[in-house]
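Novice: Okay, here's the structure, questions in a sec.
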Ligand code: NAI
């Protein structure tokens, strides 16, 4: 079925580059009126020369307008999420789609991590997503419609060396998205989490140039656009997406072991292999 965003308003945070830019371009090409948000800072979250006259959000808005689309720039940090949503309401009268995409990195081993490294990552990823969702929520509830993307990461799903701060934020976002999905369901507000993989300025420091070039953000974009469309009924799910591959992710629980209620630590040790054994069993899953 054709997917169209005609008469819909979308906000994409961190849309001045990388993945967010591609979401904004595709949504606009399919008819959405788009708020292109980007504060124009460095990958570590510092404001830099990008935030001058040629802000990244402006460039993406120009691209959209040049292709005949409708878009407006917003330069607020997601720390001020209400201002970003206000831009959508003031400019276009509503908000149907919110893609929480803005993000930064402060990778460092835990021993060397400062409190600021930890707090800033939580502030931008987790609190930034909260701020934008909180401001969009009443509008979506009132109109009985909304589509929200929460951006997690493989680091949030599986952990990663040197990313205790980032993994914490990205894994918190899974809980955030899944719980918000329960609350949104009866108002036709669907929330899904993604763990993308793409060659962007964020990954160019850890990937070879070949890989960065091969893993184009555009190979993630169609999945995200489908997830925020009217056509999609998915809610509360988590997807890994990259290189044209997409897979749904779920937790798996071992069948476990029931101890008699007077059990001791020694009993636990004796049966530990049964507790952790996933094999040879009828599988039960927690989605
Ligand atoms: P990117 O660095 O290319 O783009 C992120 C954009 O967000 C930048 O344009 C930046 O200016 C903007 N931004 C940063 N902080 C902001 C703030 N406080 N307010 C508004 N805008 C802000 O990064 P990329 O790779 O496109 O990442 C997008 C999202 O996907 C991020 O949340 C990232 O953590 C996540 N992600 C990306 C992966 C990848 O392989 N590229 C892997 C896993 C997750």
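In UniProt numbering, the protein residues as written are 1 to 287. Each residue gets a CB set at the ideal place from its N, CA and C atoms; glycine is no exception.
Heavy atom of the ligand NAI less than 7 Å from the Cβ of residue 79, yes or no?
Specialist: Your numbering for residue 79 matches position 79 in the chain shown. Yes.
Novice: On the three-state DSSP scale, how would you describe residue 160?
Specialist: By one-based count along the chain shown, residue 160 stands at place 160. Here residue 160 sits in coil by DSSP.
Novice: Once DSSP output is grouped into helix, strand and coil, what is the label at residue 255?
Specialist: As a position in the chain shown, residue 255 is number 255, starting the count at 1. In this structure, residue 255 counts as coil in the three-state DSSP scheme.
Novice: Run through DSSP, which three-state label would residue 197 get?
Specialist: Residue numbering aside, residue 197 sits at position 197 when the chain shown is read from its first letter. Residue state, collapsed to three classes: strand.
Novice: Does any heavy atom of the ligand NAI sit closer than 7 Å to the C-beta of residue 102?
Specialist: As a first step, residue 102 must be located in the chain shown, where it is residue number 102. Yes, Cβ of residue 102 sits closer than 7 Å to a heavy atom of the ligand NAI.
Novice: Can you pull the DSSP bridge partners for residue 247?
Specialist: What you label residue 247 is simply residue 247 of the chain shown in a count that begins at 1. Looking at the DSSP assignment, residue 247 forms a beta bridge with 240.
Novice: Can you give the Cα-Cα distance for residue 171 and residue 126, rounded to whole angstroms?
Specialist: Stepping through the chain shown from its first residue, residue 171 is reached at position 171. Stepping through the chain shown from its first residue, residue 126 is reached at position 126. C-alpha separation (whole angstroms): 9 Å.
Novice: Closest to residue 210 by CA distance: which of 219, 199, 119 and 240 is it?
Specialist: Translated into the one-based positions of the chain shown, residue 210 becomes position 210. Considering only alpha carbons, the answer is 199.
Novice: What residue range is occupied by the uninterrupted alpha helix (DSSP H) comprising residue 21?
Specialist: The residue labelled residue 21 in the question sits at position 21 within the chain shown. Run containing residue 21: 18 to 29, per the alpha helix (DSSP H) assignment.
Novice: Can you name the residues that DSSP bridges to residue 189?
Specialist: One-based indexing of the chain shown puts residue 189 at position 189. According to DSSP, residue 189 bridges with 146.
Novice: For the beta strand (DSSP E) that contains residue 306, what are its first and last residues?
Specialist: Absent from the model: residue 306. The displayed extent of the chain is 1 to 287, so no value can be given.
Novice: Can you find a heavy atom of the ligand NAI that lies under 7 Å from the Cβ of residue 201?
Specialist: The count along the chain shown starts at 1 and reaches residue 201 at position 201. Within the cutoff, so yes.
Novice: I need the DSSP call for residue 131, collapsed to helix, strand or coil.
Specialist: Position 131 of the chain shown, counted from the start, is the residue given in the question as residue 131. Note: residue 131 maps to helix in three-state DSSP.
Novice: Under 8 Å by Cβ, that's how I've got residue 239 and residue 248 pegged, so tell me the actual separation to the nearest angstrom.
Specialist: Mapped onto the chain shown, residue 239 falls at position 239. Mapped onto the chain shown, residue 248 falls at position 248. Rounded, the Cβ-Cβ distance is 6 Å, consistent with contact.
Novice: Looking at C-alpha atoms only, which residue of 256, 237, 259 and 221 is the closest neighbour of residue 28?
Specialist: As a first step, residue 28 is located in the chain shown; it is residue number 28 there, counting from the start. Ranking the options by Cα distance to residue 28, first place goes to 221.
Novice: Can you name the residues that DSSP bridges to residue 72?
Specialist: Translated into the one-based positions of the chain shown, residue 72 becomes position 72. Looking at the DSSP assignment, residue 72 forms a beta bridge with 35.
Novice: Is the region 52 to 67 touching the region 102 to 118, taking contact as three or more C-beta pairs under 8 Å?
Specialist: Taking 8 Å as the limit for Cβ pairs, the verdict is that the region 102 to 118 does not touch the region 52 to 67.
Novice: Would you call residue 68 buried or exposed, if buried means 16 or more other Cβ atoms sit within 10 Å of its Cβ?
Specialist: Numbered from 1 along the chain shown, position 68 holds the residue referred to as residue 68. Its Cβ having fewer than 16 others within 10 Å, residue 68 is exposed.
Novice: Using the three-state DSSP reduction, which class does residue 261 fall into: helix, strand or coil?
Specialist: Locating residue 261 in the chain shown gives position 261, where the first residue counts as 1. Reduced to three states, the DSSP call for residue 261 is coil.
Novice: Which residues in the same chain as residue 17 place their Cβ atom closer than 6 Å to its Cβ, once the five residues preceding and following it in sequence are excluded?
Specialist: In the chain shown, residue 17 corresponds to position 17, counting from 1. Excluding sequence neighbours, residue 17 sits near 56.
Novice: Quick one: measure Cβ to Cβ for residue 188 and residue 231, integer angstroms, because I've assumed they're closer than 8 Å.
Specialist: For the purposes of this step, residue 188 is identified with residue 188 of the chain shown, where counting begins at 1. For the purposes of this step, residue 231 is identified with residue 231 of the chain shown, where counting begins at 1. Actually they are not in contact, since the Cβ atoms of residue 188 and residue 231 sit about 13 Å apart, beyond 8 Å.
Novice: Got a sec, what are the start and stop residues for the beta strand (DSSP E) residue 99 sits in?
Specialist: Translated into positions along the chain shown, residue 99 becomes position 99. First-last of the beta strand (DSSP E) with residue 99: 97 to 100.
Novice: By Cβ distance, which residues of its chain are closer than 6 Å to residue 36, with the 5 residues on each side in sequence left out?
Specialist: Along the chain shown, one-based indexing puts residue 36 at 36. For residue 36, where only same-chain residues beyond five positions count, the Cβ hits under 6 Å are 15, 24, 57, 60, 61, 71 and 73.
Novice: Keeping to the same chain, check which residues put their C-beta closer than 8 Å to that of residue 117; ignore five residues upstream and five downstream.
Specialist: Walking along the chain shown from the start, residue 117 turns up at place 117. Within the same chain, residue 117 has close Cβ partners 106, 108 and 165.
Novice: Which residue from 90, 169, 183 and 153 puts its Cα closest to that of residue 134?
Specialist: To locate residue 134, count along the chain shown from 1; it is residue 134. It is 183.
Novice: Would you say the beta carbon of residue 151 comes nearer than 7 Å to a heavy atom of the ligand NAI?
Specialist: Numbered from its first residue, the chain shown carries residue 151 at position 151. It does: the Cβ of residue 151 is within 7 Å (strictly closer) of some heavy atom of the ligand NAI.
Novice: Looking at the structure shown, is residue 41 part of a helix, part of a strand, or coil, going by DSSP?
Specialist: By 1-based counting over the chain shown, the position of residue 41 is 41. The answer is strand: DSSP assigns residue 41 an E or B state.
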